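Inspection log for the structure reproduced underneath, given as structure tokens.
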Amino acid sequence: EVDATLVEREKPDAIIISPGSKWVVPDIPGKDRKNVVTTGQLKSQSKTLLKYMGPKVMSFLTKFFLPVGQKIIILGGDLKGAESAEFFIKRGKEVVILEEGEQLWSGMNLHLQLKWSPWVAARNVPIYTGVTYQEITDTGVRIRTKEGEEKLIEGDTVMIIEKDRKNDSLYKALVGRAPEVYLIGDGKNDANAWFDGAVHQGARAALKL
35 EVDATLVERE KPDAIIISPG SKWVVPDIPG KDRKNVVTTG QLKSQSKTLL KYMGPKVMSF
95 LTKFFLPVGQ KIIILGGDLK GAESAEFFIK RGKEVVILEE GEQLWSGMNL HLQLKWSPWV
155 AARNVPIYTG VTYQEITDTG VRIRTKEGEE KLIEGDTVMI IEKDRKNDSL YKALVGRAPE
215 VYLIGDGKND ANAWFDGAVH QGARAALKL
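If you use our numbering, the sequence shown corresponds to residues 35 to 243, in order.
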């Protein structure tokens, strides 16, 4: 494990840190109900299965069984929400996407957006932006639309896309302990951190060395 003690001992000329972001579950009434899953929970479950089965076997098995209902309400319209929606749709599930902001697919580069937007539109996926999450119930999610209408979006399973938060504590602890210290990736929690941004940040840091 990398920490200040290790750095003091090894005395590197430079450090590039890519810790990933912190995932935080939004505080939504009803988030602890039995019909709710989070991205973190599914990631933890899949990590264990991948260890024993491998990606090919797991991909095959998920076409027949998933720990979710037939209709899934996804709370979050960013890149992780889009990836989750695509995964479930390809396995025969119905999906509804709810997003608090007006912007969809944050974290997705333009090339992916140009492919994803027509793909999801062709499948008539209901998408609501500018909503307020009022409560998760046993039968779905109660929201207020941006027009001010209160309505219940019904579904079998509610999937909460966890929010990314800055994760720079290790970076701050190591600054000054090596001549050059760089933080890259979504641990910075900036608009360009995912995928292309992280790759470019890493390349730029490497070129400075």
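Ideal Cβ placement from N, Cα and C applies to all residues, glycine included.
Because the structure is a prediction, the values reported are computed rather than measured.
Beta-carbon spacing of residue i, residue j below 7 Å
i           : j           : result
residue 129 : residue 119 : yes
residue 208 : residue 50  : no
residue 169 : residue 63  : yes
residue 198 : residue 55  : yes
residue 268 : residue 174 : Since the first residue of the chain shown is 35 and the last is 243, residue 268 is not available in this structure.
residue 114 : residue 218 : no
residue 116 : residue 153 : no
residue 100 : residue 92  : no
Beta-bridge partners of residue i, as assigned by DSSP
i           : result
residue 214 : 48
residue 128 : 105
residue 37  : Paired residue(s): none; residue 37 is not in a bridge.
residue 175 : 170, 187
residue 197 : 58
residue 70  : 192
residue 162 : 132
Segment limits, alpha helix (DSSP H) that includes residue i
i           : result
residue 193 : Here residue 193 belongs to no alpha helix (DSSP H); instead the beta strand (DSSP E) covers 191-194.
residue 79  : 73-87
residue 120 : 113-123
residue 139 : Residue 139 -> no alpha helix (DSSP H), and no H or E assigned at all.
residue 154 : 144-156
residue 206 : 203-208
Candidates the options: closest to residue i by CA position
i           : options            : result
residue 123 : 96, 112, 91        : 96
residue 133 : 160, 145, 147, 148 : 160
residue 78  : 67, 57, 68         : 57
residue 237 : 105, 216, 102      : 216
residue 240 : 153, 52, 41        : 52
residue 40  : 65, 211, 98        : 211
residue 72  : 153, 106, 204      : 106
residue 166 : 69, 220, 177       : 177
residue 68  : 235, 193, 203      : 193
residue 111 : 94, 150, 46        : 150
residue 65  : 143, 108, 46       : 108
residue 141 : 75, 232, 98        : 232
residue 98  : 86, 85, 121        : 121
Start and end residues, beta strand (DSSP E) containing residue i
i           : result
residue 186 : 184-188
residue 243 : Residue 243 -> no beta strand (DSSP E), and no H or E assigned at all.
residue 59  : Unbroken run through residue 59: none, as it is neither H nor E.
residue 96  : Where residue 96 is concerned, there is no enclosing beta strand (DSSP E), given that its DSSP letter is neither H nor E.
CB-CB length for residue i against residue j, believed under 8 Å
i           : j           : result
residue 102 : residue 191 : 4 Å
residue 243 : residue 214 : 7 Å
residue 200 : residue 223 : 4 Å
residue 163 : residue 182 : No, residue 163 and residue 182 are not in contact; Cβ-Cβ is about 14 Å, not under 8 Å.
residue 90  : residue 104 : Actually they are not in contact, since the Cβ atoms of residue 90 and residue 104 sit about 25 Å apart, beyond 8 Å.
Chain B within 7 Å of residue i, Cβ atoms only
i           : result
residue 148 : The question asks about chain B, but that chain is absent: this structure has only one protein chain.
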